[in-house]
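Please read the structure below before turning to the comments.
Residue numbers (our numbering): 2 to 314.
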């Protein structure tokens, strides 16, 4: 098999992954290492929550632990996103084998055995656990509970039209963990932030799912993209509207200052731009809008960091 033949049909054609030895490629593709958008979107709620907690700690709250927490959550997001994708491919192997776009993935193509994928999954989980153990006991417990959301998610598209809701439960978990890492407990602000993140995740993954709507219909997979159909813009308006409302409620509860509110205004404008420009019949544009949510994450984070430094100085 040529090197090109070892690449997945729907993967990025140019990536740092292809500088690695070719025997690693199938495992990197299982973990979607060549697609950074996934771990970035998993990371942002963690980073928001850490920054949010440091704002709440006012005054003079910003210290060396801030960067330490951001680093740990970055590594954790990379590892756990890879583990989640590997697990998802193990669960969905039969479905992936029925769709031309996913048939070349490592498991259905036979480039990785199920036992090899399971071993790789265990390795990623063990590394993820090593990162988790760097936090306080309360955060370790919160992190372990999140495994439940990861385990159930791949099965939801078989039994409910709302699998994106369950993805939201898993992908937003960092909104709880960042706060608990700082305080060793939870409170209403991170819980409200978590609920807002769930609405955000449902929204952007609905956009993403519109790329696959025909394949999903072919294999009988349910999604909010299929559920909302031509009413997707209205549904996104409600979901993103609820997200902004909940973010604002969390900010109000924590009494954040002006920079955080400016950041949230930028988030609201970005969401409005996504809704206005969305063309559900254009898969390329759907992917572009989906990926743009990492910029949204950065906007929110910069606002919170500016707010934390404003309080500190």
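For each residue, glycine too, the CB sits at the ideal point set by N, CA and C.
Here the structure is a predicted model, which means the values were calculated and not measured.
If you draw a straight line from the C-alpha of residue i to the C-alpha of residue j, how long is it?
i	j	result
residue 272	residue 148	29 angstroms
residue 106	residue 256	48 angstroms
residue 403	residue 45	Summary: the structure shown does not reach residue 403, with the chain confined to residues 2 through 314, and so no result is reported for it.
residue 64	residue 307	14 angstroms
residue 114	residue 158	24 angstroms
residue 170	residue 150	6 angstroms
residue 67	residue 172	21 angstroms
residue 282	residue 109	28 angstroms
residue 196	residue 219	32 angstroms
residue 1	residue 305	This structure cannot settle anything about residue 1, because the visible part of the chain is limited to 2 through 314.
residue 1	residue 207	This structure does not reach residue 1, given that the chain is present from 2 up to 314, and the question cannot be answered.
residue 24	residue 112	9 angstroms
residue 249	residue 185	24 angstroms
residue 2	residue 32	Annotation note: pLDDT 46 at residue 2 (below 50); position unreliable, coordinate value reported separately. One C-alpha to the other measures close to 21 angstroms.
residue 234	residue 274	11 angstroms
residue 125	residue 39	16 angstroms
residue 239	residue 50	23 angstroms
residue 310	residue 252	16 angstroms
residue 1	residue 221	Look at the range of the chain in this structure, 2 to 314, and you will see that residue 1 is not part of it.
residue 174	residue 144	8 angstroms
residue 270	residue 291	15 angstroms
residue 191	residue 199	12 angstroms
residue 237	residue 139	34 angstroms
With DSSP run on the structure shown, which of helix, strand or coil describes residue i?
i	result
residue 185	coil
residue 134	coil
residue 223	coil
residue 98	coil
residue 1	Any question about residue 1 goes unanswered here, given that the chain covers just 2 to 314.
residue 34	coil
residue 199	helix
residue 40	helix
residue 194	helix
residue 24	helix
residue 174	coil
Could you give the first and the last residue of the continuous alpha helix (DSSP H) run that contains residue i?
i	result
residue 217	214 to 220
Runs of beta strand (DSSP E) lying entirely within the stretch 252 to 304, each at least 3 residues, in chain order: DSSP runs (the beta strand (DSSP E)) wholly in the stretch 252 to 304: none.
4 or more residues per run - each alpha helix (DSSP H) lying fully within the stretch 43 to 96: Listed in chain order, they are 65 to 92.
Those runs of the alpha helix (DSSP H) which lie wholly inside the stretch 104 to 171 and span at least 4 residues: 115 to 133 and 138 to 160, all fully within the stretch 104 to 171.
Given 8 angstroms, three or more beta-carbon pairs between the stretch 128 to 136 and the stretch 61 to 78: Yes: the two stretches touch, three or more of their Cβ pairs being nearer than 8 angstroms.
The stretch 212 to 220 touching the stretch 76 to 87, judged by at least three CB pairs closer than 8 angstroms: As far as the Cβ criterion goes, the stretch 212 to 220 does not touch the stretch 76 to 87, which means the pair count is below three.
Three CB pairs or more closer than 8 angstroms across the stretch 116 to 124 and the stretch 97 to 104: The stretch 116 to 124, when compared against the stretch 97 to 104, does not touch it at the 8 angstroms Cβ threshold.
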